[in-house]
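Under full-length UniProt numbering, the first residue of the sequence shown is numbered 1, with each subsequent residue one higher.
Using N, Cα and C, we set each Cβ at its ideal position, and we do this for glycine too.
Read through the structure below, which is laid out as structure tokens, and then see the notes.
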Amino acid sequence: MYEIKSIKDGTYGAYEYSTPIPADYSFKQMLAMARDIANANGYEASIYDDENEMIITIAPEQYSMGVAA
């Protein structure tokens, strides 16, 4: 089973955690889930396979401060 590993800010500092990905998710859905987690936490989120090998890392979305893109 695939899982997403990321970092969250907690009461006593940042900590690493993992979230299992439902078995019926497509790769596109896995990427969307990782992107949502990265954006929600502000830290990178990585997808790992069933052998605990990293497949891809998604960075959180960066917002420009007062600069038109």
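Helix, strand or coil at residue i [DSSP, three-state]
{"i": "I37", "result": "helix"}
{"i": "A14", "result": "strand"}
{"i": "M54", "result": "strand"}
{"i": "A23", "result": "coil"}
{"i": "A59", "result": "coil"}
Nearest-angstrom Cα separation, counted from residue j out to residue i
{"i": "N52", "j": "I4", "result": "10 Å"}
{"i": "E16", "j": "N41", "result": "11 Å"}
{"i": "T57", "j": "D36", "result": "12 Å"}
8 Å Cβ shell around residue i - same chain, five flanking residues per side excluded
{"i": "A59", "result": "A38, E44"}
Sequence-distant residues of the same chain with beta carbon closer than 6 Å to residue i, five excluded per side
{"i": "M30", "result": "I21, I47"}
{"i": "Q62", "result": "none"}
Neighbourhood of residue i by C-beta distance below 7 Å, restricted to the same chain and skipping five residues each side
{"i": "D49", "result": "Y2, I55"}
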